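S.K.:
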Amino acid sequence: MAERTLTEKLKHYRISQNEYERISGLLGRPPQGLEWALFSALWSEHCSYKSSKVHLRKFSYRNGMTRDDSDENAGVVDIGFGEKIVFKMESHNHPSFIEPYQGAATGVGGILRDIFTMGARPIALADYLCFGDENAPRMKSLVKGVVAGISGYGNCVGVPTITGYTEYDENYNKNILVNAMAVGLIEGQMNLASSKAEGIGNLVVYVGAKTGKDGVHGAAMASESFDQDIDSKKPNIQIGDPFLEKLLIESCLEVLSKNLVVCMQDMGAAGLTSSTFEMASKGKVGMDLHLDKVPQRDSSITPEEILLSESQERMVLVCVPKNLEAIQAVFKKWDLDAAPVGTITDTKKMRLFWKGDVVTEIDPTLITDSAPRYERPFTEYQSKRKRAKVEAVSNQNQKQLLDSLKQNAFYKNKNWIYEQYDQRVGTRTVKDASQTLSVVRLNSHRDLAISVGCRPSFMRMDTRIGAIDAIMYPALQQAIKGFKPIAVTDCLNFANPERVEVMTDFVTTCDLYAQIAQKLDAPIISGNVSFYNETEGKGISPTPAVGLVGLKENDERVPDCVFTETGLDVYLVQMPGVISYAKTAEVLKKEMSFSGDLTVNYLADFVGAMTAFVAKTKPQVSRVVGQGGLALTLDKMKSAGYECSMQVDANHMFSSTSFLFEERLYDFVFAVDSKTRGPFEKELDALVKKWNLISHVLGSSRKGYS
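Heads up: the sequence shown begins at 1 in the working numbering, then just goes up one per residue.
Below, the structure written as structure tokens:
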């Protein structure tokens, strides 16, 4: 095969001319051989965060429960009683659009490895999904494939998928979003594992599945926009095996529990390249790596393909030589490979060998730490849809409007999605995806809440309002059930950062997230950025998804989100904030607008007040009013199982169509029985006065489901 020209190499490895010149300057010569592949992978947007890192540094706030683990695989919260929570959210957008089943499945597998590589047992999964119009080309198969991939992997690996969010909007016709979140628990004598290589002379051990050619150049592919030629990118897609992942979880946690391992790292994006180079760089050590000793399932595989393969269910660990035999015995018990492939050295160089010959020798920090940092241009965000007063978007009567909204894919019942997930595997699930808040129980007899946030219609209406809502809405969902939000992970999905308007939305979001994290005392401890979510110049709308974890210091009953009995008094509590018709306007093809504003300080303080209020009053039912307004919320609060519902009296002053369908930030619905009505009203009156709220008695829950 003829040697590629420079132009051909730049295109193949997705390296710009400026980056090529930077690489040549760092090396003192042009890149050679495998160096092209190394820089291509770890200088990609997906791995290097070269367009976002300057802004991600704003997420530096930590408190007594958290520490700076920003260079580790996931974030950690020490919640006391010998328990630590480890969690993270990541994207698998590009692979899922190309091949939905495997793209979604391997997204789940990858986020699980980020958790157990740190010594945490995965206890819960969540997803955040954005699809296009249900009638758009390929969309039905994309939806079906993604849901099947998530359920197929999560169910088989034995980790419950207990919460999520699903959006349908034409903004995602050409680029769907598939974000996965995993939560793990460290308890007892298990120590937190590091990914920093240490100990001169220690062994580098490859464990898990054999290496194939799947996923080669996957990281670079996930760092660029799409064109029409989707099929040609299918070789970049990884293939997952959840049963093998289950074996990998158990074997890795076993060797960690026996203190046989110095450090451990999963092979995620860029595979063996990212894992080994990052381990050496963090530890400030060198590493000799023998590529031909890597377990292979294809004898024709090349050194470059071994380095860049994203074959799934693989890990790298470092151990002292005397522990190798014990480690191999554990992995053999689980029928997995555990092959020594290298050694830690004092050279501070990565030396890559192929059949005894050195094929590359390079300082790993040139690959991991020297990528360019782009300060993409942006402007100050200007709101374009704020009005002095919001006009109603429909003159239909209530039933007509409710029925028309419920025909939209976004508002249709999504039971068919979460009913495919095994939400009860294990023994921890208290509240599953059928609820507005999902909850797992800890061995310390405390409850952990898991939420995802970001409602894209509010982001499209106003980036500032949408970004505040993305964290505050799930925070209020937790507070209204008696939980205190304790930490955040994010997955910042945007279009092309080289466009000023995209970067403006991104920077605005980062600034607000940093401010909210500090005011809410819920640090952003992990996350992911996914840029270039666009096809043929058409990008997605800003979608900075978040995952939020909250804690309740007891295992007392969590309020329901639907009416479970008749005769409950139903209250509506309204906060002074934003009035809009966001999602409703989109569904009806009307212009979105809003009035009012959201204040971060007020909201952050109110979250704490709401947590205390619910803990003291213990309502039977509590719910934050969602998209579609009070009408859609009350409709969702009907309970077929309990044959309970609630209807606002037609003569009630609050029964107008405009009032029922306004999307207000924020309104709350509570329901209490006759025994707790008096104490509840007393505490509510104090809450209303202190926080300038408005409260109404809407009526009572009744028999029937209509």
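In this text, a Cβ means the ideal position worked out from N, Cα and C, and glycines have one as well.
Given the structure is predicted, the values throughout are model-derived calculations rather than measurements.
So, using beta-carbon positions, are residue 544 and residue 487 closer together than 8 Å?
M.R.: The sequence position of residue 544 within the sequence shown is 544, counting from 1. The sequence position of residue 487 within the sequence shown is 487, counting from 1. Cβ atoms of residue 544 and residue 487: not closer than 8 Å.
S.K.: Answer yes if the segment 378-388 comes into contact with the segment 584-603, meaning at least three C-beta pairs across the two stretches below 8 Å, and no otherwise.
M.R.: Yes, they touch.
S.K.: Comparing C-alpha positions only, which one of 128, 296, 320 sits nearest to residue 310?
M.R.: Taking the first residue of the sequence shown as position 1, residue 310 is located at position 310. Out of 128, 296, 320, 296 has the C-alpha closest to the C-alpha of residue 310.
S.K.: How would you label residue 195, buried or exposed, when you count the other beta carbons within 10 angstroms and need 16 or more for buried?
M.R.: As a first step, residue 195 is located in the sequence shown; it is residue number 195 there, counting from the start. With 16 or more Cβ atoms within 10 Å of its Cβ, residue 195 is classed as buried.
S.K.: Three or more beta-carbon pairs under 8 Å between the segment 198-208 and the segment 285-299, yes or no?
M.R.: Segments in contact, yes.
S.K.: State the beta-bridge partners of residue 563 as determined by DSSP.
M.R.: Within the sequence shown, numbered from 1, the residue matching residue 563 stands at position 563. BP columns for residue 563 are empty, so no partner.
S.K.: Does DSSP classify residue 223 as helix, strand or coil?
M.R.: Locating residue 223 in the sequence shown gives position 223, counting from the first residue. Confidence at residue 223 is low in this model, with a pLDDT of 49, below 50, so the placement of that residue should be treated as unreliable; the coordinate-derived value is given next. The answer is coil: DSSP assigns residue 223 none of H, G, I, E or B.
S.K.: For residue 223, count neighbouring C-beta atoms within 10 Å of its own C-beta (all shown protein chains included) and say buried if the count is 16 or more, exposed if not.
M.R.: On the sequence shown, position 223 is the one that residue 223 refers to. Note that residue 223 scores a pLDDT of 49, beneath 50, so its modelled location is shaky and nothing firm can be said.
S.K.: Return helix, strand or coil for residue 425, following the three-state DSSP convention.
M.R.: Sequence index remark: in the sequence shown, residue 425 carries index 425 (1-based). DSSP places residue 425 in coil when its eight states are reduced to three.
S.K.: According to DSSP, simplified to helix, strand and coil, what is residue 627?
M.R.: Translated into positions along the sequence shown, residue 627 becomes position 627. In the structure shown, residue 627 sits in coil (DSSP, three-state: anything other than H, G, I, E or B).
S.K.: Taking the continuous beta strand (DSSP E) assigned at residue 571, which residues delimit it?
M.R.: The residue given as residue 571 occupies position 571 in the sequence shown. Run containing residue 571: 569-580, per the beta strand (DSSP E) assignment.
S.K.: Between the C-alpha atoms of residue 414 and residue 123, what's the straight-line distance to the nearest angstrom?
M.R.: Here residue 414 is taken as the residue at index 414 of the sequence shown, counted from 1. Here residue 123 is taken as the residue at index 123 of the sequence shown, counted from 1. So the alpha carbons of these two residues sit roughly 23 Å apart.
S.K.: Which stretch, first to last residue, makes up the alpha helix (DSSP H) that contains residue 616?
M.R.: Looking up residue 616 in the sequence shown gives position 616. Residue 616 -> alpha helix (DSSP H) spans 600-617.
S.K.: Go to residue 513, then tell me how far its alpha helix (DSSP H) extends in each direction, as first and last residue.
M.R.: For the purposes of this step, residue 513 is taken as residue 513 along the sequence shown, with counting starting at 1. Run containing residue 513: 500-520, per the alpha helix (DSSP H) assignment.
S.K.: For residue 88, tell me which candidate among 81, 367, 75 has the shortest Cα-Cα distance.
M.R.: Here residue 88 corresponds to residue number 88 of the sequence shown, with the count starting at 1. That would be 75, whose Cα lies nearest to the Cα of residue 88.
S.K.: Which residue's Cα is closest to the Cα of residue 320: 662, 401, 262?
M.R.: Indexing the sequence shown from 1 puts residue 320 at position 320. Taking only the C-alpha atoms, the option nearest residue 320 is 262.
S.K.: Could you check what DSSP says for residue 485 in three-state terms: helix, strand or coil?
M.R.: Indexing the sequence shown from 1 puts residue 485 at position 485. It is a strand residue.
S.K.: Would you say the beta carbon of residue 250 is closer than 7 Å to some non-hydrogen atom of the ligand PLP?
M.R.: The model depicted lacks the ligand PLP and carries no ligand whatsoever.
S.K.: Could you check how far apart the C-beta atoms of residue 569 and residue 677 are, in whole angstroms? I think they sit under 8 Å.
M.R.: Working through the sequence shown from its first residue, we reach residue 569 at position 569. Working through the sequence shown from its first residue, we reach residue 677 at position 677. Correct: roughly 6 Å between the Cβ atoms.
S.K.: Among 399, 356, 281, 139, whose alpha-carbon lies nearest the alpha-carbon of residue 365?
M.R.: Within the sequence shown, numbered from 1, the residue matching residue 365 stands at position 365. Selected option, being the one with the closest Cα: 281.
S.K.: Closest to residue 550 by C-alpha separation, out of 613, 449, 530, 632, would be which residue?
M.R.: Sequence index remark: in the sequence shown, residue 550 carries index 550 (1-based). Nearest option by C-alpha distance: 449.
S.K.: Just verifying my parser: in three-state terms, what is the DSSP assignment at residue 32?
M.R.: Sequence index remark: in the sequence shown, residue 32 carries index 32 (1-based). Here residue 32 sits in coil by DSSP.
S.K.: Kindly confirm or deny that the segment 167-185 and the segment 324-333 touch, where touching means at least three C-beta pairs closer than 8 Å.
M.R.: Short answer: they don't touch.
S.K.: Quick one: using the 10 Å Cβ neighbour count with 16 as the cut-off for buried, is residue 333 buried or exposed?
M.R.: To locate residue 333, count along the sequence shown from 1; it is residue 333. Per the 10 Å Cβ criterion, exposed.
S.K.: On the three-state DSSP scale, how would you describe residue 474?
M.R.: Here residue 474 corresponds to residue number 474 of the sequence shown, with the count starting at 1. The answer is helix: DSSP assigns residue 474 an H, G or I state.
S.K.: What are the uninterrupted segments assigned as beta strand (DSSP E) that are 3 or more residues long and contained completely in the segment 69-121, given in chain order?
M.R.: Whole beta strand (DSSP E) segments, 3+ residues: 75-80, 83-91.
S.K.: Can you tell me whether DSSP reads residue 177 as helix, strand or coil?
M.R.: Taking the first residue of the sequence shown as position 1, residue 177 is located at position 177. Residue state, collapsed to three classes: strand.
S.K.: Could you check where the beta strand (DSSP E) with residue 166 kicks off and where it finishes?
M.R.: One-based indexing of the sequence shown puts residue 166 at position 166. Per DSSP, residue 166 belongs to the beta strand (DSSP E) from 161-168.
S.K.: Are residue 496 and residue 531 closer than 8 Å when you measure CB to CB?
M.R.: On the sequence shown, residue 496 is found 496 positions in, with the first residue counted as 1. On the sequence shown, residue 531 is found 531 positions in, with the first residue counted as 1. Contact flag set, yes.
S.K.: Does DSSP put residue 664 in a helix, a strand or coil?
M.R.: If you number the sequence shown from 1, residue 664 lands on position 664. Strand.
S.K.: On the premise that residue 164 lies in contact with residue 452, defined as a C-beta separation below 8 Å, what is that separation, rounded to the nearest angstrom?
M.R.: Numbered from its first residue, the sequence shown carries residue 452 at position 452. Numbered from its first residue, the sequence shown carries residue 164 at position 164. Contact holds; Cβ gap of about 6 Å.
S.K.: Sort 579, 558, 574, 506 by Cα distance to residue 54 and report the nearest one.
M.R.: On the sequence shown, residue 54 is found 54 positions in, with the first residue counted as 1. That would be 506, whose Cα lies nearest to the Cα of residue 54.
S.K.: Hey, would you say residue 574 sits closer than 8 Å to residue 455, going by beta carbons?
M.R.: As a position in the sequence shown, residue 574 is number 574, starting the count at 1. As a position in the sequence shown, residue 455 is number 455, starting the count at 1. No, the pair does not count as a contact, with Cβ atoms beyond the cut-off.
S.K.: Mark residue 175 as exposed unless 16 or more other C-beta atoms lie within 10 angstroms of its C-beta, in which case mark it buried.
M.R.: Here residue 175 is taken as the residue at index 175 of the sequence shown, counted from 1. With 16 or more Cβ atoms within 10 Å of its Cβ, residue 175 is classed as buried.
S.K.: Identify, in the order they occur along the chain, each residue of the same chain with its Cβ nearer than 6 Å to the Cβ of residue 514, setting aside the five sequence neighbours on each side.
M.R.: Within the sequence shown, residue 514 is the residue found at index 514, counting from 1. Around residue 514: 58, 59.
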